[in-house]
Amino acid sequence: MKLVNRAAGNWHYVLDQTKFVLLKKLLETFPLIVAEAAPPLSRTDNNPRVAERNHLLYTALADHRRELEQQAMNLLTAEKFVSAGEGKALTISAQEREMLIQVLNAIRMGCWCELGRPPKLEPQSANASEQELNAHALLEVAGYFEYCLIAPDMAE
Amino acid sequence: MDSASEPDKVSKPEMEKEARWADDPAPAYDVICWDDPVNYMEVETHVFMKIFGWDKPTAVKHTIEINDTGKSVLAREEFEQAECYVHQLLHYSLHATMEPVQ
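As given, the protein sequences belong to chains L and C, one line each in that order.
Note that the working numbering has the first sequence beginning at 589, numbered continuously upward.
Note that the working numbering has the second sequence beginning at 4, numbered continuously upward.
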């Protein structure tokens, strides 16, 4: 996936058919994790107020995840991807771009949780299960698209 | 005006402020982002620029600190604002918490 240009607050990308299918399948896996997978609000504060606010945090994150899921589905169904040569062109607003970054990073986090939250993302061993291999693959593919979205910012 | 009256003029608001804080303490919280093996440094930098409005060098400085030391204090705020920042960081799945300032 490649950024073609950025104009009038919109970001224009092109991607070949294979990448389009990958991105579509990736977005359809969201959400992989529940809100409770997030860390608690505080590691050290024993104030009862913080415990109460943890509940609100997880509720808010669950709501946010539902919104993201809806927006991700809109991205797939609202004819955002238009044919361009042998691939697709995608035009998204800055807000949609941020949504996509959040979705992709949540997928990566979900894969990591599925792998048992290892301290390091070591390459999978030869006897890894199919589920582990799938999680590693999803994590890498989501990382690829995330990097495509963010790399132009880092180059500036 | 003699110079001896100056300290009174300066110190009175300070005393009032101290008294107010003693009655109604608003503890400060550090908003901390912790290292994890999932998030790319580029993503962390992007998110910090987005949420805190920082320029790229400032955001990169915090990202490198996370990578080198395991965490970075991004802001020191009262409870509600710190909580708001943590929520925003968690929307991007960064590993953020708020810790009371000792």
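Here a beta-carbon is modelled for each residue, glycine too, at the ideal position from N, C-alpha and C.
If you reduce the DSSP assignment to three classes, tell me which class residue i lands in.
i: GLU86/C; result: helix
i: THR61/C; result: helix
i: LEU710/L; result: Position check: residue 710/L holds Glu in this sequence, whereas Leu was assumed. In the structure shown, GLU710/L sits in coil (DSSP, three-state: anything other than H, G, I, E or B).
i: PRO103/C; result: strand
i: LEU603/L; result: strand
i: ASN593/L; result: strand
i: LYS66/C; result: Note that residue 66/C corresponds to Thr in the displayed sequence, not to Lys. Three-state DSSP puts THR66/C in a helix.
i: ALA743/L; result: helix
i: LEU737/L; result: helix
i: ASP27/C; result: Because ASP27/C carries a pLDDT of 49, less than 50, the predicted location of this residue cannot be relied on, and the following value inherits that uncertainty. Here ASP27/C sits in coil by DSSP.
i: LEU663/L; result: helix
i: HIS94/C; result: helix
i: LYS612/L; result: helix
i: GLY698/L; result: helix
i: GLY56/C; result: coil
i: ARG631/L; result: coil
i: ALA716/L; result: coil
i: VAL41/C; result: coil
i: GLY704/L; result: coil
i: GLU679/L; result: The question names Glu, but residue 679/L is Thr in the sequence shown. Residue state, collapsed to three classes: strand.
i: PHE51/C; result: helix
i: ALA648/L; result: helix
i: ALA78/C; result: strand
i: ALA672/L; result: strand
Determine, using beta carbons only, whether residue i and residue j come nearer to each other than 7 Å.
i: GLU657/L; j: LEU692/L; result: no
i: ALA85/C; j: TYR43/C; result: no
i: HIS49/C; j: ASP741/L; result: yes
i: LYS64/C; j: TRP37/C; result: no
i: LYS607/L; j: MET589/L; result: yes
i: GLY675/L; j: VAL602/L; result: yes
i: ALA716/L; j: GLU702/L; result: no
i: LEU615/L; j: LEU664/L; result: yes
i: ILE35/C; j: GLU102/C; result: yes
i: PRO627/L; j: THR72/C; result: no
i: ARG641/L; j: LEU629/L; result: yes
i: LEU721/L; j: CYS699/L; result: no
Considering only C-alpha positions, which residue in the set the options is nearest to residue i?
i: ARG653/L; options: ILE689/L, HIS724/L, THR665/L; result: ILE689/L
i: HIS94/C; options: MET697/L, SER671/L, VAL729/L, GLU702/L; result: MET697/L
i: GLY731/L; options: PRO30/C, PRO40/C, ILE35/C, VAL34/C; result: PRO40/C
i: ARG594/L; options: ARG685/L, GLN605/L, LEU649/L; result: ARG685/L
i: ASP604/L; options: THR617/L, GLU640/L, ASP651/L, LEU678/L; result: LEU678/L
i: CYS635/L; options: THR61/C, ILE67/C, PRO30/C; result: Residue identity differs from the one stated: residue 635/L is Asn in this sequence, not Cys. Cα-wise, what sits closest to ASN635/L is PRO30/C.
i: ALA650/L; options: ALA625/L, LYS668/L, GLY673/L, GLU667/L; result: ALA625/L
i: LEU645/L; options: LEU92/C, ALA62/C, GLY56/C; result: LEU92/C
i: ASN662/L; options: LYS708/L, ILE680/L, SER671/L, ALA648/L; result: ILE680/L
Just to check, is the beta-carbon of residue i closer than 6 Å to a non-hydrogen atom of the ligand FAD?
i: ALA639/L; result: Although the ligand FAD was asked about, the structure shown includes no ligands whatsoever.
To the nearest whole angstrom, what separates the beta carbons of residue i and residue j, a pair I think is in contact under 8 Å?
i: ALA694/L; j: PRO619/L; result: 6 Å
i: GLU47/C; j: ILE69/C; result: 6 Å
i: ALA682/L; j: GLY597/L; result: 6 Å
i: LEU591/L; j: TRP599/L; result: 7 Å
i: LEU77/C; j: TYR88/C; result: 7 Å
i: THR66/C; j: PHE51/C; result: 7 Å
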